Amino acid sequence: MKLFTRYNRINLTLMVLLFVLSGISYYFIINYVLIHELDEALEDYQLRIENYVVKQGTLPPVALMDETIVTYSKLNRLTTPIRRMETLRRLDTLENEWHNYRQKTYSQDVGGASFCVTLAKPIEGTKLLTRTVVAITILMLLVIIIASIVLNQVILRKLWQPFYTSLAAMKTFKLGKKQVPEFPLTNIEEFVFMNTLLEDTVTGAEADYQILKEFTENASHEIQTPLAIIRSKLDLVIQEEGLSEKQTLALSSIYSGIKRLTKLNQSLLLLAKIENHQFAGRENVDVEEKVNEKLDQFQEFWQNSKVQFTATIKPSAIHTNPELFDILLSNLISNAGRHNMENGFIFVNLDKNTFVIENTGSLSSLDSQKLYTRFYKESQHSQHNGLGLSIVKQICDQLDIEIKYSFVNNLHRFTLKWD
Numbered sequence: 001m002k003l004f005t006r007y008n009r010i011n012l013t014l015m016v017l018l019f020v021l022s023g024i025s026y027y028f029i030i031n032y033v034l035i036h037e038l039d040e041a042l043e044d045y046q047l048r049i050e051n052y053v054v055k056q057g058t059l060p061p062v063a064l065m066d067e068t069i070v071t072y073s074k075l076n077r078l079t080t081p082i083r084r085m086e087t088l089r090r091l092d093t094l095e096n097e098w099h100n101y102r103q104k105t106y107s108q109d110v111g112g113a114s115f116c117v118t119l120a121k122p123i124e125g126t127k128l129l130t131r132t133v134v135a136i137t138i139l140m141l142l143v144i145i146i147a148s149i150v151l152n153q154v155i156l157r158k159l160w161q162p163f164y165t166s167l168a169a170m171k172t173f174k175l176g177k178k179q180v181p182e183f184p185l186t187n188i189e190e191f192v193f194m195n196t197l198l199e200d201t202v203t204g205a206e207a208d209y210q211i212l213k214e215f216t217e218n219a220s221h222e223i224q225t226p227l228a229i230i231r232s233k234l235d236l237v238i239q240e241e242g243l244s245e246k247q248t249l250a251l252s253s254i255y256s257g258i259k260r261l262t263k264l265n266q267s268l269l270l271l272a273k274i275e276n277h278q279f280a281g282r283e284n285v286d287v288e289e290k291v292n293e294k295l296d297q298f299q300e301f302w303q304n305s306k307v308q309f310t311a312t313i314k315p316s317a318i319h320t321n322p323e324l325f326d327i328l329l330s331n332l333i334s335n336a337g338r339h340n341m342e343n344g345f346i347f348v349n350l351d352k353n354t355f356v357i358e359n360t361g362s363l364s365s366l367d368s369q370k371l372y373t374r375f376y377k378e379s380q381h382s383q384h385n386g387l388g389l390s391i392v393k394q395i396c397d398q399l400d401i402e403i404k405y406s407f408v409n410n411l412h413r414f415t416l417k418w419d
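Quick note on the UniProt record's numbering: the sequence shown kicks off at 1 and runs consecutively.
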C-alpha cells in the first residue's frame with residue numbers, strides 16, 4: 001500500500017468520524033437553542049399577559065397573542081398554583097393534523113378568580129429550520145472533505161517529491177561506476193538530513209568498493225607471476241625420472257591445485273576488467289557463426305562424456321562487444337556440458353534475438369537467489385571456482401542482454417534476449 005493511500009484512508013476515516021460526531025452534536029445544540037428561544041418567547045408572552053391583567057384587570061383577548069395558541073380555563077380557588085413547561089402533541093384543528101408544540105401552563109389570578117393559562121407554540125417551524133441548517137452543514141462538511149482530500153493529494157505529492165526524487169536517484173546508483181547520485185535541493189529539514197545520510201553512505205560505499213577492487217586487481221596481478229613459476233617448476237619435477245608413485249600422486253595433486261588457483265585468478269582478473277569497462281568497443285557480431293563455432297569446439301568433449309546435443313540454429317546478429325560475447329557463449333555452453341550427467345542431453349536453440357540452452361543435470365532447481373553470486377556452487381564438493389555464472393551475469397549487465405534461468409521438465413534452461 002502506498003503512503004498516500006494509507007494517509008488518505010486514515011485521514012478520511014478520522015474526518016468522517018469527526019464530522020458525524022460534529023453533525024450530531026450540532027443538531028442537538030441547534031435544537032436546544034431554538035427550543036430555548038421558544039421558551040423565552042412563551043415567557044415573554046406570559047409577562048405581557050400579566051402586565052395586561054395589572055393594567056386592565058382582565059385577561060387579554062386571544063387575538064393579541066399572534067401565532068401563539070392561548071387558552072384560558074377557570075380554576076378552583078383551592079387548586080395548587082400551576083407552573084410548568086413541556087413538549088407535547090396537539091391537534092391542529094385547521095389542518096386536522098397532529099403537531100409537536102412547546103407549551104407553558106401557569107395559573108393567573110384575575111379579579112379574585114384563578115385561571116389556568118395555556119400558551120402553546122408549534123415546534124414544526126423550529127424542526128424545519130434545524131433540519132435545513134443541519135443539511136446545509138452536512139453539505140458544507142462534504143465539500144470540505146472532498147476539497148481536503150484533493151488538496152492533500154496535491155500538497156502532499158509536492159511535499160514528498162524530493163523523497164521520491166532521491167529514491168529514483170538511488171535506483172540508478174551502481175557500485176564501481178564512480179558516480180554519486182545527485183539528490184534534489186530542498187528546504188525541508190528531514191529531507192535534507194536524509195539526503196546527507198544517503199550521500200555519505202553512497203560515497204563511503206563507493207570508496208570502500210574501489211579499495212577492495214584495487215586490492216583484488218593488484219593481488220591477482222601479483223599472483224600471476226609466482227603461479228606461472230610454480231607451474232613451470234612442477235612441470236620440470238614431474239618429468240624427472242625416479243619419482244615414486246607416492247611422490248607422483250602428491251605432485252599431481254599440487255599441480256591440480258595450482259591449475260585451479262590459476263583459473264580462479266584469471267576469472268577474478270576478467271571480472272575486474274569487466275567492472276572497469278575495459279571492453280568498451282562494439283561491432284556487429286554474427287551470432288549464428290559464433291554459436292556454431294562454439295558447438296564445434298565442445299562437440300568432442302561432449303562425445304567423450306557421452307552427452308548428446310541437438311541444435312536448432314537460425315540467422316541472428318547483435319551489435320555488441322565481440323570479446324565479451326564470445327566469453328558469454330563459452331561459459332554457458334561449457335557449463336551445459338560440465339554440469340551434465342553421463343548419457344545426458346544438451347539442447348541449443350538460436351532465434352533472431354533469443355539464445356536458449358538447456359541441459360540435464362541435477363534433478364532439482366538451482367537457487368535463483370544465489371545463482372549469479374560469486375563462488376556459488378551447487379555442491380560444496382564441486383571442483384569449480386563458482387565464478388562462471390557471476391561472469392555471465394556481469395557480461396549480460398554490461399552488454400544490455402537479459403538473462404533468465406528456469407528449471408523445466410528436469411532441464412536447466414538459460415535464456416538470453418537482446419534487442
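All residues carry an ideal CB built from backbone N, CA and C; glycine is no exception. Nothing here was measured: the structure is a model prediction, and the numbers come from that model.
Report the option in the options whose CA atom is closest to the CA atom of residue i.
{"i": "residue 104", "options": "83, 115, 123", "result": "83"}
{"i": "residue 229", "options": "335, 259, 243", "result": "259"}
{"i": "residue 285", "options": "399, 3, 307", "result": "399"}
{"i": "residue 217", "options": "264, 402, 300", "result": "264"}
{"i": "residue 123", "options": "99, 116, 23, 390", "result": "99"}
{"i": "residue 405", "options": "353, 336, 419, 56", "result": "336"}
{"i": "residue 138", "options": "208, 188, 97, 27", "result": "27"}
{"i": "residue 345", "options": "236, 357, 320, 353", "result": "357"}
{"i": "residue 362", "options": "281, 307, 47, 341", "result": "341"}
{"i": "residue 23", "options": "68, 136, 113", "result": "136"}
{"i": "residue 37", "options": "309, 129, 302, 180", "result": "129"}
{"i": "residue 325", "options": "282, 174, 308, 168", "result": "282"}
{"i": "residue 209", "options": "373, 272, 238", "result": "272"}
{"i": "residue 156", "options": "69, 188, 310, 133", "result": "188"}
{"i": "residue 290", "options": "351, 2, 329", "result": "329"}
{"i": "residue 312", "options": "277, 288, 86", "result": "288"}
{"i": "residue 25", "options": "91, 112, 133", "result": "133"}
{"i": "residue 172", "options": "202, 348, 149", "result": "202"}
{"i": "residue 316", "options": "353, 96, 242", "result": "353"}
{"i": "residue 39", "options": "309, 86, 240", "result": "86"}
{"i": "residue 131", "options": "81, 161, 29, 97", "result": "29"}
{"i": "residue 14", "options": "70, 148, 69, 140", "result": "148"}
{"i": "residue 493", "options": "299, 320, 213", "result": "Here the chain covers residues 1 to 419 and nothing more, so residue 493 does not appear."}
{"i": "residue 12", "options": "166, 143, 390", "result": "143"}
{"i": "residue 321", "options": "213, 397, 80, 339", "result": "397"}
{"i": "residue 318", "options": "305, 296, 401, 69", "result": "401"}
{"i": "residue 73", "options": "113, 97, 67", "result": "113"}
Measuring straight from C-alpha to C-alpha, what distance separates residue i and residue j?
{"i": "residue 75", "j": "residue 110", "result": "11 Å"}
{"i": "residue 8", "j": "residue 151", "result": "11 Å"}
{"i": "residue 176", "j": "residue 163", "result": "24 Å"}
{"i": "residue 54", "j": "residue 42", "result": "18 Å"}
{"i": "residue 33", "j": "residue 159", "result": "44 Å"}
{"i": "residue 115", "j": "residue 108", "result": "5 Å"}
{"i": "residue 18", "j": "residue 195", "result": "37 Å"}
{"i": "residue 392", "j": "residue 372", "result": "8 Å"}
{"i": "residue 381", "j": "residue 253", "result": "Low local confidence applies: a pLDDT of 43 at residue 381 is under 50, so the model's placement there is unreliable, with the coordinate-based value given in what follows. Going from the Cα of residue 381 to the Cα of residue 253 covers about 16 Å."}
{"i": "residue 292", "j": "residue 331", "result": "15 Å"}
{"i": "residue 140", "j": "residue 58", "result": "52 Å"}
{"i": "residue 343", "j": "residue 236", "result": "38 Å"}
{"i": "residue 307", "j": "residue 261", "result": "28 Å"}
Considering only DSSP beta bridges, list what residue i is partnered with.
{"i": "residue 420", "result": "With the chain covering only 1 through 419, there is no way to say anything about residue 420."}
{"i": "residue 408", "result": "411"}
{"i": "residue 313", "result": "350"}
{"i": "residue 120", "result": "69, 103"}
{"i": "residue 403", "result": "416"}
{"i": "residue 115", "result": "74, 108"}
{"i": "residue 285", "result": "318"}
{"i": "residue 6", "result": "None; residue 6 has no bridge partner."}
{"i": "residue 231", "result": "For residue 231, which the question treats as bridged, DSSP gives no partner whatsoever."}
{"i": "residue 83", "result": "106"}
{"i": "residue 210", "result": "None, per the DSSP bridge assignment."}
{"i": "residue 308", "result": "345"}
Below 8 Å on the Cβ atoms is my contact criterion, and I expect residue i with residue j to pass it. Report the Cβ-Cβ distance as a whole number of Å.
{"i": "residue 416", "j": "residue 359", "result": "Their Cβ separation, rounded to whole angstroms, is 15 Å, which puts residue 416 and residue 359 out of contact at 8 Å."}
{"i": "residue 395", "j": "residue 327", "result": "6 Å"}
{"i": "residue 119", "j": "residue 46", "result": "6 Å"}
{"i": "residue 206", "j": "residue 183", "result": "Going by Cβ atoms, the distance from residue 206 to residue 183 rounds to 15 Å, so no, they are not a contact pair."}
{"i": "residue 387", "j": "residue 267", "result": "4 Å"}
{"i": "residue 60", "j": "residue 49", "result": "6 Å"}
{"i": "residue 90", "j": "residue 101", "result": "5 Å"}
{"i": "residue 323", "j": "residue 279", "result": "6 Å"}
At a Cβ threshold of 7 Å, is residue i touching chain B?
{"i": "residue 270", "result": "Note that chain B does not occur in the displayed structure, where there is just one protein chain."}
Which full runs of the beta strand (DSSP E) of 3+ residues lie inside the stretch 326-363, going along the chain?
Fully enclosed beta strand (DSSP E) runs of 3 or longer: 345-350, 354-359.
Threshold first: 4 residues or longer. Then list the alpha helix (DSSP H) segments lying entirely within the stretch 243-289, N to C.
Entirely contained in the stretch 243-289, the alpha helix (DSSP H) runs reaching 4 residues are, in chain order, 245-275.
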